[in-house]
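Notes follow the structure.
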Ligand code: DX5
Ligand code: ZN
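In my numbering, the protein residues as written are 1 to 247.
And the structure:
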């Protein structure tokens, strides 16, 4: 593998080598939920130019969470315009049923919720079989211990720092402790999986997140809607995180 933490696997040899995306430890992932959907291609370009290494794609089914977003066809369309790592976050009741569709659409990584109805180990296996890296996530109210059976199998754990369903919510600082707990659990297992934080992430909490063991920072509102622009916002994130500051 060559990196200090796990690499992203790609499903198509035509895509750029994952290794070239992942040359350091910490990365920013931009949630397109905060973008202007009427000009999504331009928005993707704007945040990629500003330094986003991952594109975070929030899929909601109106059932697992009280909101609806988009499905594989939108991801498929965006794939033609970006070589970034596509980090798909499934907030849906039955992720197993849709893994292949989201992988075929161009996801590099797929994260699903431990609270969903699908069998977690079977879902992780399906994600790997489809050629993607697998992530598990949990609602703020779910204890870290719920992840124990699946932790050895995943390449990333996503810590929700807001209740899933909507962008633009306030960061829940009590989730920092959970991130640290998960980092300790991963270390005990000898796993170097990524930990991603998602929800209300900005320059004011990135340092605390990094100290808790987070190395992938999802940002939507704080980047897309920053009055001084996406480039400035990512600069603030990088300054706040000791890992991100080193490119
Ligand atoms: C919430 C989503 C998040 C959200 C992040 O359910 O999973 O990815 O879009 O957006 P901000 O950064 O606006 O909280
Ligand atoms: Zn998300």
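From the three backbone atoms N, C-alpha and C, an ideal C-beta is built for every residue, glycine too.
Check your understanding: Among the residues of its own chain, which have a CB less than 8 Å from the CB of residue 61, if the five just before and after it don't count?
Key -> Excluding residues up to 5 positions away in sequence, 68, 91, 92 and 93 lie with their Cβ nearer than 8 Å to the Cβ of residue 61 in the same chain.
Exercise for review: Excluding the 5 residues preceding and the 5 following residue 199 in the sequence, name in chain order all residues of the same chain whose CB lies nearer than 7 Å to its CB.
Suggested key: Contacts found: 160, 161, 162, 169 and 171.
**Study point:** The beta strand (DSSP E) enclosing residue 31, as first and last residue numbers
**Key:** It spans 27–31 - the beta strand (DSSP E) in which residue 31 sits, taken as one unbroken run.
Practice item. Below 6 Å CB to CB, which residues in the same chain sit around residue 47 once its five sequence neighbours on both sides are set aside? Key: These residues qualify, in order along the chain: 30 and 230.
Check your understanding: Between residue 36 and the rest of its own chain, which residues show a CB-CB distance below 7 Å, the 5 nearest in sequence each way excluded?
Key -> Contacts found: 43.
Check your understanding: Along the chain, where does the alpha helix (DSSP H) that runs through residue 94 open and close?
Key -> From DSSP, residue 94 is part of no alpha helix (DSSP H); its letter is neither H nor E.
Check your understanding: Count the other CB atoms within 10 Å of the CB of residue 87; is the residue buried (16 or more) or exposed (fewer)?
Key -> Buried, because 16 or more other Cβ atoms sit within 10 Å of the Cβ of residue 87.
Review point. How about residue 66: is its C-beta nearer than 8 Å to some C-beta of chain B?
Key: Within the model displayed, chain B is absent; a lone protein chain is all it includes.
**Study point:** Backbone CA spacing between residue 21 and residue 121 [nearest angstrom]
**Key:** Its pLDDT being 39, under 50, residue 21 is placed unreliably by the model, and the measurement read from it follows with that caveat. Approximately 27 Å between the Cα atoms of the pair.
Point to revise | Three-state secondary structure assigned by DSSP to residue 142 | key: Looking at residue 142 - three-state DSSP - the assignment turns out to be coil, as it is neither helix nor strand.
Review point. Beta carbon of residue 218: closer than 7 Å to some heavy atom of the ligand ZN?
Key: Checking the 7 Å criterion, the Cβ of residue 218 is within range of a heavy atom belonging to the ligand ZN.
Check your understanding: Would you call the CB atoms of residue 133 and residue 156 closer than 8 Å?
Key -> Residue 133 is a Cβ neighbour of residue 156, given a cutoff of 8 Å.
Point to revise | Closest Cα partner of residue 82 within the set 210, 55 and 63 | key: Looking at the Cα atoms, 55 is the closest of the given residues.
Review point. Can you tell me whether DSSP reads residue 81 as helix, strand or coil?
Key: In the structure shown, residue 81 sits in coil (DSSP, three-state: anything other than H, G, I, E or B).
Exercise for review: Using the Cα positions of residue 75 and residue 103, report the straight-line distance between them to the nearest angstrom.
Suggested key: Roughly 10 Å between the two C-alpha positions.
Review point. Under 8 Å between the Cβ atoms of residue 95 and residue 77?
Key: No, Cβ-Cβ distance for residue 95 and residue 77 is not below 8 Å.
Point to revise | Cut-off 6 Å between Cβ atoms - residues of its own chain near residue 105, not counting five sequence neighbours on either side | key: Excluding sequence neighbours, residue 105 sits near 72, 75 and 76.
Check your understanding: Looking only at C-alpha atoms, which of 66, 40, 51 and 49 sits nearest to residue 57?
Key -> Checked all of 66, 40, 51 and 49; the closest Cα to residue 57 is 40.
Point to revise | Minimum length 3: unbroken beta strand (DSSP E) runs contained in the stretch 150–200 | key: Runs of the beta strand (DSSP E) inside the stretch 150–200: 156–160 and 194–198.
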